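K.L.:
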Amino acid sequence: MRPLWLGLGALLFAAAGHAQSSGCDALPASKPADINALANRGLELSRAKKYDAAAACYRRVLSIDPKIPQIQLNLGLAEFKSGRFEKAVEPFEAVLKLDPGNLQARTLLGMSFYGSRDFKQAATNLEIASAAEPGNAQLHYYFAQSLLASQQYQPSLKEFEWLAQHVPDAASTHMLMAQALDGLSRPEEAILELQKAAEKSPNEPNVHFAMGYIYWSQQKDDDAEREFRLELDHDPGSAQAWAWLADVLIRRNDFEKARPLIEKALKLDKTVRIAHLDLGIVLAEAKQYDEAIAAFREAIRLDGSKTDAHFRLARVYREAGKPAEAAAELAIVRQLREQTKQDSLQKVTGKPAELPASK
Amino acid sequence: MLAAAAVWLSAGAAPSESPIQFVYQPIDFRLESCETPQRHAPETMEGGVAVFDYNNDGKLDIFFTNGANIDTLVKDSPKYSNRLFENDGSGHFRDVTAKAGLAGTGYDTGVAVGDYDNDGYEDIFVGGVYRNTLYHNNGNGTFSDVTRQAGLPTGPDPQFGPLWSVGGAWVDVNNDGLLDLLIVNYLKWDGKKEPVCKDGDHNEYCHPKLYGATPSQLFLNNGNGTFTDVSAAYGFRAHPGKGMGVGVADYDLDGHMDIFIANDKMFNSLYHNTGKGKFDEVAFDANVALREDGTYISGMGVDFRDLDNDGYPDLCFVALDHETFPIFKNTGKGDFVEVTTQSKMGQMSDPMSGYSPMIADFDNDGWKDIFVSRGHVQSLLASTHLLVAQNNTVFRNLGGMKFAALTGEAGFAAVPPSRHRGSAMGDFDGDGRLDIVVSALAAPAEVWMNRSPNANRWLELRLEGTRSNRDAIGARIKVVSKSLTQYNHVTTAVGYASSSAGPVHFGLGPDAVADLIEIRWPSGTVQTLKDVPANQLLKVREPQ
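Protein sequence lines correspond, in order, to chains A and B.
Throughout the first sequence, residue numbering follows the numbering used here, covering 12 to 370 in sequence.
Throughout the second sequence, residue numbering follows the numbering used here, covering 1379 to 1922 in sequence.
Now the structure itself:
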């Protein structure tokens, strides 16, 4: 379903023309008459997907006259298309300063914030853009994603509901609605949305994993296990599903059965933090303290902001007769306690859609 | 009023198949915390309840703590009065507060019952905001405020300032036959510097992290009506916390009573009594400092008793939604293992918020169940996104550390959901089934008469210490009958800010006789009784 949403960038850059390979360094830039030549060269370079060189041309133009909205827009586009979203922000903002009603610049500014993962700013700008184009599903989609990613669950839900009405076949919309509902602590409704997603697209990646995770969060381990296994039926390469399935088994103190699942998860993806954490638990249970310590340390390396690995590590240090190390880890738990929040489904699975790669 | 109650009763009548059933009975008390739009922290942390026999007539009476004007911390209206209700023996109560002299003056939160002067009459400690009160039972139906002459502090702590106690526990920490007083303090609160926590367009109660921690206090009983503050020497002052619940039990069976304190969004504290005039804080070593996944939860009330009949007291405390009501099984090796998930308590309690857990056998099958008074800490305005008002639940012990939740099934849906707070228990009508009383914020208190429909037998033991403290707090009791062997111990520290000082209750299932009763008194004396018939309240005096 994802490709449905990914056309926005391409639509914005539809212009095409003949390619020119040389840069614009050789062109003069001392008088206004030179501006056209530089701008044209920039356009040619951009069409040839030589965005760095194109950007250099536009900057030279702007050094002569910074108040040309079209050149600022072209510069922003060149930066945007080269994936330098942070650098694209400034020229788009400059366009809007000169021409506040420029919808294209507003949209691109929102998308640039989105690309640079400043979702709050993205939402602010995409809200204006999508209001100006109320029928544009793609804009609604990115706006909703921005709201979701900036944890504005209630308004994001509203946007996703709109999308579900207007693009009814998109299973991914229901999955994102589920994330918003989970963020709003409405797990039963989140499950319903995930079930809709599964109905529309039975093989949709992560749908059963997401259901499993919500059940896991509610401590409904039997349901969680069923969904994780369904996910693995569809996608045996899901490291997350193997890891969380193992975690369900660990909750039942079934350490022996959990271990091979954890190892499988780590073979598929060494960056799944919970797999390292659970490996530590299994090893600690087997009194393999040195190995358990290493596993907990790896979990901490991947994300040191969570108390669980520090707490487990402290306990293993204590078991291993290392009270000073245990006390140090416990002190970290104390420090972290003010900041730690429970993971939402969104944090576990919900990476916002990447912007289309143009390079 | 009665008509409305009748509607609820019929609407929520318990289905007959539930093995535990309660029937609602009104009592004329409403918990008034002076809830303001500012949302001062004490306004939501009210509601300690005590069940005890204040006049030694053999019938269990009820005492409710109550709030005050939050700005002045003074009970400037009759609605804030603490209340004492005398039981007529059938589970009906009449208000005797005025005669007893227990109306109180300040913003009271919790209560602990214990006969600290061994005169045979239960005394009352009332904890509150900036002010605690010790009431001596005069033995003639009246009480006297003896806080000052007992040497308990009446002013601010020199280091931590004015303290806010949510109750305490009477426990003989040095086995000298005198009950000592542990006062559990919550957080450092100053109404003039109340943090503001917005929830949309209104304020809500703030996270405990915005307030400082304060230590619990231990006062040794001098035996002459006075107490000595030994908080520092005994190791309590070194561990400031945000205590909400206290459980008392000898978890390692070394003959010395230990103390568990559930802290709100902090490490819990487990104070191991060394028996040498000191407690060691061992919560981390004993695996009860945090939930097993290392997360902090909003620890509320506690009960500390043997849930699996292995002779070792287990721990249950409660918290808010998505934090579960953790159960820690005593391994018998000096530490605990969390069994919240395996017991199914995790899944069942995940959507619930609880205040006051009580471990007791409500269906007399020999397995202690867990009653939890439920309600969220936040105001009713937060009901748009939180389950604030809730019905109570009893988690029936299925054996093997497995539980099943009974809410409507047990009859608790016979009244509208509320923000329940403190709770206490005892057999109010002498029918051998444990009844319950629960307070609720800005709502009527609830008496729940146990009408569980089984023919199981029971036994109640009221112990009287002679060499030990007269209440026998700390005595361990083993009851062996044909079906099973079970254990309990004497403590009045149960639940949130509350106290249950009735006899120790055992369900015997189908067994008509307890083959053996073994009592280990705090003095070290071991007393055995044989072939004790079921269905009686047995008074046992410690051998001299």
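Cβ atoms here follow ideal geometry from the backbone N, Cα and C, with glycine treated the same way.
Computed from a prediction, not measured in an experiment: that's the story for all the values here.
From the DSSP secondary-structure annotation, give me the bridge partner or partners of Asp1813(B).
P.N.:
Asp1813(B) pairs with Gly1804(B).
K.L.:
Report the option in Arg1417(B), His1883(B) and Lys1477(B) whose CA atom is closest to the CA atom of Thr1758(B).
P.N.:
According to the sequence as given, residue 1758(B) is Leu; it is not Thr. Cα-wise, what sits closest to Leu1758(B) is Arg1417(B).
K.L.:
Considering only C-alpha positions, which residue in the set Leu1409(B), Pro1420(B), Gly1479(B) and Thr1525(B) is nearest to Thr1443(B)?
P.N.:
Here the closest residue by C-alpha is Leu1409(B).
K.L.:
Given Ala64(A), which residues of its chain have a CB within under 6 Å of its CB, disregarding the five upstream and five downstream residues?
P.N.:
Here the set comprises Gly34 and Leu56.
K.L.:
Nearest chain A C-beta to Leu1758(B) closer than 8 Å, yes or no?
P.N.:
No, because no Cβ of chain A sits closer than 8 Å to the Cβ of Leu1758(B).
K.L.:
Shorter than 8 Å from the beta carbon of His1650(B) to some beta carbon of chain A?
P.N.:
Chain A, which has no Cβ nearer than 8 Å to the Cβ of His1650(B), makes this no.
K.L.:
Report yes if the C-beta distance between Tyr164(A) and Tyr125(A) is below 8 Å; otherwise report no.
P.N.:
Cβ distance not < 8 Å, so Tyr164(A) and Tyr125(A) don't count as in contact.
K.L.:
Please report the distance separating the alpha-carbon of Asp1628(B) from that of Ile311(A).
P.N.:
Their Cα atoms are separated by approximately 37 Å.
K.L.:
Using C-beta distances below 6 Å, list every residue in its chain close to Ser32(A), excluding the 5 sequence neighbours before and after it, in chain order.
P.N.:
For Ser32(A), the predicted model reports a pLDDT of 44, less than 50, meaning its position is unreliable; a value from the coordinates is still stated below. There are no such residues.
K.L.:
Is the distance from the Cβ of Trp1548(B) to the Cβ of Tyr1494(B) below 8 Å?
P.N.:
In this structure, Tyr1494(B) lies closer than 8 Å to Trp1548(B) by Cβ.
K.L.:
Based on the DSSP secondary-structure assignment, which residues constitute the bridge partners of Asn1828(B)?
P.N.:
According to DSSP, which records beta bridges pairwise, Asn1828(B) is partnered with Phe1400(B).
K.L.:
Flag His1754(B) as yes if its beta-carbon sits less than 8 Å from any beta-carbon of chain A, otherwise no.
P.N.:
With 8 Å as the cut-off, His1754(B) does not count as an interface residue toward chain A.
K.L.:
Reducing DSSP to helix, strand and coil, say where Cys68(A) ends up.
P.N.:
DSSP places Cys68(A) in helix when its eight states are reduced to three.
K.L.:
Taking Cβ positions, are Asn1770(B) and Val1755(B) nearer each other than 8 Å?
P.N.:
Their beta carbons are not under 8 Å apart, which means Asn1770(B) does not touch Val1755(B) by this criterion.
K.L.:
If you follow the alpha helix (DSSP H) that Trp227(A) is part of, which residue opens it and which one closes it?
P.N.:
Taken as a continuous stretch (DSSP letters only), the alpha helix (DSSP H) holding Trp227(A) covers Val218 to Ser228.
K.L.:
Using a Cβ-Cβ distance cut-off of 8 Å, determine whether Val106(A) contacts chain B.
P.N.:
Answer no: the Cβ-Cβ gap between Val106(A) and chain B never drops below 8 Å.
K.L.:
Using the C-alpha atoms, what's the distance from Gly1619(B) back to Thr1592(B)?
P.N.:
Taking the straight line from one Cα to the other gives about 5 Å.
K.L.:
Given this structure, state the Cα-to-Cα distance separating Thr1869(B) from Gly223(A), to the nearest angstrom.
P.N.:
Straight-line Cα distance between these residues: approximately 43 Å.
K.L.:
Does the beta-carbon of Ala306(A) have 16 or more other beta-carbons within 10 angstroms, so that it is buried, or is it exposed?
P.N.:
Answer is buried; the Cβ neighbour count reaches 16.
K.L.:
Taking the straight line between their C-alpha atoms, what separation do you get for Ile1748(B) and Trp253(A)?
P.N.:
Near 35 Å, if we compare the C-alpha coordinates of Trp253(A) and Ile1748(B).
K.L.:
Within 10 angstroms of its Cβ, does Pro1822(B) collect 16 or more other Cβ (buried), or is it exposed?
P.N.:
Counting Cβ neighbours within 10 Å, Pro1822(B) comes out buried, since at least 16 surround it.
K.L.:
For Asp1909(B), which three-state DSSP category applies?
P.N.:
Note: Asp1909(B) maps to strand in three-state DSSP.
K.L.:
Would you check if the region 1795-1804 of chain B and the region 1417-1428 of chain B touch, i.e. whether three or more CB-CB distances between them fall below 8 Å?
P.N.:
Yes, the region 1417-1428 of chain B is in contact with the region 1795-1804 of chain B.
K.L.:
Extract the residue ranges of the beta strand (DSSP E) inside the region 1596-1653 of chain B, only unbroken runs of 3 or more that lie entirely within it.
P.N.:
Counting whole runs of 3 or more residues, the region 1596-1653 of chain B contains the beta strand (DSSP E) stretches 1605-1607, 1621-1627, 1636-1641 and 1647-1651.
K.L.:
Can you find a C-beta in chain B that's less than 8 Å from the C-beta of Gln230(A)?
P.N.:
With 8 Å as the cut-off, Gln230(A) counts as an interface residue toward chain B.
K.L.:
Quick check: the Cα distance between Met1779(B) and Gly1724(B), rounded to an integer number of angstroms?
P.N.:
Spanning the two alpha carbons is a distance of roughly 12 Å.
K.L.:
How about Gln1399(B) and Arg1829(B): are their beta carbons less than 8 Å apart?
P.N.:
A contact, by the Cβ cut-off of 8 Å.
K.L.:
For Ile79(A), which three-state DSSP category applies?
P.N.:
Looking at Ile79(A) - three-state DSSP - the assignment turns out to be coil, as it is neither helix nor strand.
K.L.:
Under 8 Å, Cβ to Cβ, is there at least one residue of chain B near Asp45(A)?
P.N.:
It does not: the Cβ of Asp45(A) has no partner Cβ on chain B nearer than 8 Å.
K.L.:
Assuming Asp1501(B) and Gly1517(B) are in contact, meaning their beta carbons sit under 8 Å apart, how far apart are those beta carbons, in whole angstroms?
P.N.:
Not confirmed; about 10 Å, so no contact.
K.L.:
Would the region 1679-1697 of chain B count as touching the region 191-203 of chain A if we require 3 or more Cβ pairs under 8 Å?
P.N.:
With the cut-off at 8 Å, the region 1679-1697 of chain B and the region 191-203 of chain A do not touch.
K.L.:
Excluding sequence positions up to five away, which residues of its chain have a Cβ less than 7 Å from the Cβ of Ala1528(B)?
P.N.:
The residues are Leu1512, Gly1603, Thr1604 and Phe1605.
K.L.:
Output, in chain order, the set of chain C residues within a Cβ distance shorter than 9 Å of Thr1702(B).
P.N.:
The structure shown contains no chain C; the protein chains it does contain are A and B.
K.L.:
Taking the beta strand (DSSP E) that Phe1490(B) falls in, what are its first and last residues?
P.N.:
The sequence given here places Ala at residue 1490(B); Phe does not occur at that position. Here the beta strand (DSSP E) through Ala1490(B) covers Asp1486 to Gly1492.
K.L.:
Give the DSSP-derived three-state secondary structure of Met1423(B) in the structure shown.
P.N.:
It is coil, neither helix nor strand.
K.L.:
Let me know the secondary structure DSSP gives Ser141(A) once reduced to three states.
P.N.:
Helix at Ser141(A).
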